[in-house]
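Undergrad: One structure coming up, written as structure tokens, with questions to follow.
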Amino acid sequence: MPLEGEYQPSPTEYVRLQVELYELTDGAIGNTFKNMPVIILTTKAAKSGKLRKNPLMRVEHEGTYAIVASNGGGAKDPVWHRNIIANPIVELQDGPVKHDMRAREISGDEKGVWWERADAAYPEFAEYREVAGREIPVYVLEPVELVERKF
């Protein structure tokens with residue numbers, strides 16, 4: 005895994021407990037929110053450098069994932085958004101499978117396509133866009149090459 009550092013559990017109890025259950029059971033328990041699937045996103049904190057983990061709605065299409073910085077429709081971006089800006093290398097856990105990924109913010113037509121996919125995965129995203137009062141960032145997660153070939 006390219007992420008290294010000390011893990012700092014969330015100060016929010018339900019987030020901390022969901023991450024613990026998900027990881028202890030390889031995603032068999034703690035794998036939903038409002039009966040819809042979630043993944044676990046691990047980021048490196050922008051300030052402390054500690055590893056942070058968040059359950060996020062699972063938005064996947066043909067093996068590619070997107071994450072939505074909706075913060076439940078809140079006026080501010082979630083903290084993990086700042087972490088990704090500072091450190092775009094992340095780990096995504098989908099069930100028992102972990103992926104090392106690089107987050108890339110998307111815009112324009114590409115973002116429109118992913119919004120359709122995100123809304124299908126979690127219909128409340130449409131409401132969040134209406135009430136947030138801000139442009140909600142969306143990121144596509146692309147695999148990180150772990151082995152560099154030297155010729």
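Under the working numbering, think of the first position of the sequence shown as 5, with each following residue one higher. Note that beta-carbon positions come from the ideal geometry of N, C-alpha and C, so glycine has one too.
Spatial neighbours of M105 within its chain, please: CB distance less than 8 Å, with the 5 preceding and 5 following residues excluded, ordered by chain position.
TA: Once the five neighbours on either side are set aside, the close Cβ partners of M105 are Y69, I93, V94, E95, L96, L145, E146, P147, V148.
Undergrad: Note down the Cα distance separating H65 from K51, rounded to an integer number of angstroms.
TA: So the two alpha carbons sit approximately 32 Å from each other.
Undergrad: Identify, in the order they occur along the chain, each residue of the same chain with its Cβ nearer than 6 Å to the Cβ of A122, setting aside the five sequence neighbours on each side.
TA: Result list for A122: V63, V72, F129, in chain order.
Undergrad: Which value, in whole angstroms, describes the spacing of the CA atoms of V19 and E134?
TA: Spanning the two alpha carbons is a distance of roughly 25 Å.
Undergrad: In angstroms, rounded to a whole number, what distance separates the CA positions of R27 and G76?
TA: What sits at residue 27 in the sequence shown is Glu, not Arg. Their backbone Cα atoms lie some 23 Å apart in a straight line.
Undergrad: Nearest to G99 by CA position, among K57, R56, A32, is which residue?
TA: Per the Cα distances, A32.
Undergrad: What is the DSSP secondary structure of Q12, counted as helix, strand or coil?
TA: Three-state result, Q12: coil.
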